[in-house]
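>
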């Protein structure tokens with residue numbers, strides 16, 4: 001789903017958008033956009049006036065050719081608006097077609113007893129019901145969305161995520177959810193169905209990327225109400241102008257010089273048609289950019305809320321740090337040499353396949369050239385949650401490494417001493433944000449290994465950028481407060497929540513929301529579900545549990561905790577684009593006012609000729625030029641609506657000033673130049 005090319009470069013998307021633009025001319029579709037519905041009705045009215053002119057029923061002020069030209073321009077304006085929406089929907093529909101083609105109804109091995117996977121009945125996958133169980137083996141496709149209750153297997157999820165690398169799905173952890181349509185590559189899985197047929201994750205994904213479930217967001221509705229109010233005002237003003245010009249003409253002893261066709265042109269030009277035509281496309285394009293980032297939003301409200309978010313809750317591991325602690329120093333105590341400590345630490349870690357264990361072996365080799373040795377006469381003790389230690393029994397005696405309290409208990413149980421020097425070093429390492437591992441040999445403490453959480457490159461700069469935008473970042477970690485404070489300071493986050501529990505996360509989110517903040521967070525486990533359900537923007541990992549995915553309003557198909565920052569950027573870019581084009585659209589009316597008002601009323605009020613500052617050739621060319629510009633600017637702005645305005649990490653006040661300068665001033669200058677240029681061409685064509 002990533003690396004999508006421009007819809008204008010895809011001939012299939014372009015052809016479909018053109019077809020859909022004509023299909024959307026139906027009244028049922030047009031009435032959904034009140035501003036453009038006004039243009040639609042104006043096109044119908046001018047078409048009817050043209051038909052009447054052909055049978056001799058027409059205003060004496062305008063020719064049939066002029067009426068026809070106005071009608072064609074208005075129909076093109078409606079078509080361009082439809083095309084903007086259709087081209088925005090095009091990429092999503094193409095993605096939906098691809099997903100449909102990858103989905104097929106497969107046979108499911110339904111289990112009556114999930115504890116006995118040898119006894120199954122083959123049924124169509126579409127008939128599986130929520131709560132039932134099925135088994136899927138290597139080479140078979142997962143029949144329905146579900147939760148793994150037994151087994152562990154490598155799964156190909158490329159049909160959903162676009163990522164070719166297989167992932168591990170297993171029972172009992174936070175990576176237990178499987179999606180219908182994915183393929184098991186090894187071993188087997190027993191799965192409990194969690195969704196009814198037709199409500200699967202793939203079904204929801206198809207509906208969302210296609211735009212079928214896109215609902216207007218609160219901000220979009222509010223803006224639409226404003227645009228409708230402006231349009232109603234312009235309708236009343238236009239109607240009043242016709243009545244007033246008629247009254248003035250009678251007082252002057254002349255016929256009404258203002259035609260209905262001209263006033264329709266005035267109404268369409270002054271109505272906020274530019275943003276009205278592009279508003280839907282901006283929202284759809286924002287959803288599409290989110291889809292390209294491999295994030296599935298369950299509603300349009302979620303992406304808009306992401307743009308308004310001002311508090312981010314971020315997990316430390318995998319988001320702020322690399323997630324793999326690395327050994328950075330050997331700190332001996334009580335006269336022990338650093339090399340002796342390194343030798344014992346490496347020996348105890350030779351069978352340790354964790355990133356931490358491997359880093360200890362590497363550090364000992366780099367510092368003292370201590371390389372691997374024979375493992376034959378050694379008995380290795382793996383780390384367990386109960387002992388909180390690992391180690392080795394060898395010819396030289398017992399070596400243990402682990403948490404300070406666990407090693408203290410091990411040493412003191414044999415009459416040994418855990419010295420004050422060791423306690424001080426352990427405290428110093430924790431204060432620096434590291435993890436201390438104490439090493440002991442034959443019940444004597446040798447020293448401490450300093451394991452450090454490695455902060456990801458560029459994270460501190462990202463947090464600084466977010467701070468400029470008024471977004472507060474809070475690190476969530478299970479570390480003790482001393483360690484958490486050190487890592488938070490190094491990473492540059494604004495605050496932290498140490499020793500975090502599900503209840504503490506939920507309480508923090510509610511506290512911020514009570515203060516008027518919008519909160520975003522990520523999660524993947526069942527214990528994250530309450531906090532995800534409470535957060536305004538809740539990004540669940542696709543690899544996580546079904547409970548987390550159902551609680552969130554977004555799903556990250558890549559299961560990358562750092563994606564939350566990108567989601568906020570996409571949301572803010574959506575809001576920036578909508579605001580910028582609204583400013584440009586309203587500013588356009590100033591130039592169109594100077595173009596069309598003098599042209600219509602100059603005969604009745606000769607003094608209005610002073611307002612013809614663009615020196616347009618004639619009233620006819622002025623009206624046509626303003627209408628043509630009104631239609632063409634929609635097409636010109638479609639790429640910007642789809643791409644979004646350039647994202648800038650600056651405070652809201654500065655951003656507002658920049659947009660007023662670029663799009664406000666630009667919205668005044670551009671139409672003056674464009675209308676004058678179009679007028680020159682139209683005048684030459686008429687001559």
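In UniProt numbering, the protein residues as written are 1 to 687. All C-beta atoms in this analysis are idealised placements derived from N, C-alpha and C, irrespective of residue type, glycine included.
1. Using DSSP's beta-bridge definition, name the partner residues of residue 168.
2. Can you tell me whether residue 309 is buried or exposed, with buried defined as 16 or more other CB within 10 angstroms of its CB?
3. Here's the rule: buried if 16 or more other CB atoms are within 10 angstroms of the residue's CB, otherwise exposed. What is residue 575?
4. Who are the Cβ neighbours of residue 234 in its own chain at under 8 angstroms, not counting the five residues just before and after it?
5. Indicate the three-state DSSP secondary structure (helix, strand or coil) for residue 1 in the structure shown.
6. If you scan the stretch 268-338 from start to end, which runs of the alpha helix (DSSP H) of 4 or more residues do you find wholly inside it?
7. Are residue 450 and residue 429 closer than 7 angstroms when you measure CB to CB?
8. Bridge partners for residue 137 per DSSP, in chain order?
9. CB residue 563 to CB residue 555, shorter than 7 angstroms?
10. Assign residue 213 to one of three DSSP states: helix, strand, or coil.
11. Are the stretch 83-91 and the stretch 109-124 touching by the rule of at least three beta carbon pairs closer than 8 angstroms?
12. Under the rule that 16 or more other beta-carbon atoms within 10 Å means buried, what is residue 69, buried or exposed?
13. So which of 387, 627 and 513 has the shortest CA-CA distance to residue 589?
14. I need the straight-line Cα distance from residue 29 to residue 239, nearest angstrom please.
15. Roughly how far, in whole angstroms, is the beta-carbon of residue 608 from the beta-carbon of residue 614, given that I think they are within contact range, below 8 angstroms?
16. Mind checking whether residue 443 and residue 416 have CB atoms under 7 angstroms apart?
17. Keeping to the same chain, check which residues put their C-beta closer than 6 angstroms to that of residue 18; ignore five residues upstream and five downstream.
18. Note down, one range per segment and in chain order, each alpha helix (DSSP H) of at least 4 residues found wholly within the stretch 550-626.
19. Grab me the residues of residue 379's own chain with a C-beta within less than 8 angstroms of its C-beta, minus the 5 sequence neighbours each way, in chain order.
20. Hey, how far is the Cα of residue 552 from the Cα of residue 65?
21. Can you tell me whether DSSP reads residue 465 as helix, strand or coil?
22. So what does residue 124 bridge to, in DSSP terms?
23. Pull the bridge partners of residue 147 from the DSSP assignment, please.
24. Among the candidates 76, 35 and 25, whose CA atom is the shortest distance from the CA of residue 635?
25. Assuming the contact rule is C-beta atoms closer than 8 angstroms, residue 109 and residue 80 should be a hit. Round their C-beta distance to whole Å, please.
26. Per DSSP, residue 450 forms a beta bridge with which residues?
27. What residue range does the beta strand (DSSP E) around residue 380 cover?
28. Would you mind listing the alpha helix (DSSP H) stretches within the stretch 510-535 that are 4+ residues and don't spill past its ends, in chain order?
29. Using only the alpha-carbon positions, how far apart do residue 377 and residue 424 sit?
30. Going by the DSSP bridge assignment, what does residue 441 pair with across the sheet?
Result, derived from the coordinates:
1. 154
2. buried
3. buried
4. 267, 270 and 271
5. Any reading at residue 1 must be qualified, since the residue scores a pLDDT of 45, below 50, and its modelled position is unreliable; no value is offered.
6. 273-292 and 300-308
7. yes
8. 188
9. no
10. Reliability of the predicted coordinates at residue 213 is poor, the pLDDT of 49 falling under 50, and the value obtained from them is presented with this limitation in mind. DSSP places residue 213 in coil when its eight states are reduced to three.
11. no
12. buried
13. 627
14. 27 angstroms
15. With a Cβ gap of about 13 angstroms, residue 608 and residue 614 do not count as contacting.
16. yes
17. none
18. 563-601
19. 392, 393 and 394
20. 58 angstroms
21. helix
22. 107
23. 177 and 192
24. 76
25. Going by Cβ atoms, the distance from residue 109 to residue 80 rounds to 53 angstroms, so no, they are not a contact pair.
26. 329 and 436
27. 379-381
28. 529-534
29. 35 angstroms
30. 399 and 444
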